[in-house]
Amino acid sequence: MFCYVIGVFALIIIVLYGLIELHYFLRTCFSVILARFFKEKVSVLQETTVKGLYFSKLSFRICLTTDIDTFLYHMNNARFMRELDFARADFYERTGLYRCIRSKNGGIAVGATTIRYRRFVRLFSRYIITSKVVYWDEQGIYMEHRFITPRDNFVNAIAVCKTRLLNCNVDEVMNELLSVTEISGMENGTKLKPPMPPEVAKWIESNEISSAILRNLC
1218 MFCYVIGVFA LIIIVLYGLI ELHYFLRTCF SVILARFFKE KVSVLQETTV KGLYFSKLSF
1278 RICLTTDIDT FLYHMNNARF MRELDFARAD FYERTGLYRC IRSKNGGIAV GATTIRYRRF
1338 VRLFSRYIIT SKVVYWDEQG IYMEHRFITP RDNFVNAIAV CKTRLLNCNV DEVMNELLSV
1398 TEISGMENGT KLKPPMPPEV AKWIESNEIS SAILRNLC
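So in the numbering used here, the last one in the sequence shown is 1435, and the numbering has no gaps at all.
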């Protein structure tokens, strides 16, 4: 009987791995659970840091063999983008951003992402990911993510992400989140919308040019 149960369980796992990206969904669930029950809540304008492996006490992440590319010695390009999904899940939960959006029957989707690689994250090397909101407009919320080596604080990669809010107003959501007063580390009077960084302004302009070109092709 025991062997039968083990066999059925193993078969279910194999089927799930064949049908969906099971590890991705498990990682996302772990990220949300940790952010909701084990991490401090922060303001939507505060920077969050993703570090450690699930319930470990490590103050960093580690590039594992499942992260490396075909050259077998550094993190592959796609893995950077994948890790950003987990960092955003952590940010959305700790700031209450996603919950606020859902309370208005809205949704969320990534509209654009640009990443610049500066140095390899080598196999078994340590890194952390920081996330913060740098600007928002009627089109969406713009976030910056950094992959940082704890040893020397070198920024290995930096990404800018545009998050689109569906069926709800961006300013309304942000104003509601900024009105929260019980968040630690957030003083009254420091809840102003940040100025648009020049690199983000150029990035938005580039996206608009690309959109115009694609519309003309249709």
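Backbone N, C-alpha and C define an ideal beta-carbon position, used for all residues, glycine too.
For G1328, the enclosing beta strand (DSSP E) starts and ends at 1324-1334. Using a Cβ-Cβ distance cut-off of 8 Å, the stretch 1296-1312 and the stretch 1339-1351 are in contact, since at least three pairs of beta carbons, one from each stretch, lie closer than that value. Excluding residues up to 5 positions away in sequence, C1280, I1285, F1337, V1338, R1339, L1340 lie with their Cβ nearer than 8 Å to the Cβ of H1291 in the same chain. Partner residues in the beta bridge of A1374, as assigned by DSSP, are Y1334, F1364.
The bridge partners DSSP lists for D1354 are G1357. Taking C-beta separations shorter than 6 Å and ignoring five residues to either side along the sequence, the partners of Y1359 in its chain run V1351, Y1352, K1379, V1417, following chain order. Around the C-beta of E1257, fewer than 16 other C-beta atoms lie within 10 Å, and the residue is accordingly described as exposed.
Distance from the CA atom of T1330 to the CA atom of D1354, rounded to whole angstroms, is 16 Å. Looking at the DSSP output, Y1221 sits in no beta bridge, so it has no partner there. Distances from the CA of S1427 to each of L1383, G1328, L1239 were compared; the closest alpha carbon is that of G1328. Around the beta-carbon of A1252, 16 or more other beta-carbon atoms lie within 10 Å, marking it buried. Sequence-distant Cβ neighbours of E1300 in its own chain, meaning closer than 7 Å and more than five residues away, are I1346. Closest in alpha carbon position to N1293, among Y1334, V1249, V1267, F1303, is Y1334. Collapsing the DSSP output to three states places T1282 in a helix. Segment contact: the stretch 1312-1324 against the stretch 1382-1392, three or more CB-CB distances shorter than 8 Å; contact assigned. When beta bridges are read from the DSSP output, Y1344 appears opposite R1278. For a cut-off of 8 Å, the C-beta gap from G1357 to V1377 is around 12 Å, too long to register as a contact.
Boundaries for V1390: no beta strand (DSSP E) harbours it, while the alpha helix (DSSP H) harbouring it runs 1387-1395, taken from the DSSP string. Bounds of the alpha helix (DSSP H) holding V1417 are 1415-1434. If you draw a straight line from the Cα of K1419 to the Cα of F1226, it comes to about 52 Å. Look at L1228 here: in three-state DSSP terms it is helix.
The distance from the Cβ of V1397 to that of L1314 is about 11 Å, inconsistent with a contact at the 8 Å cut-off.
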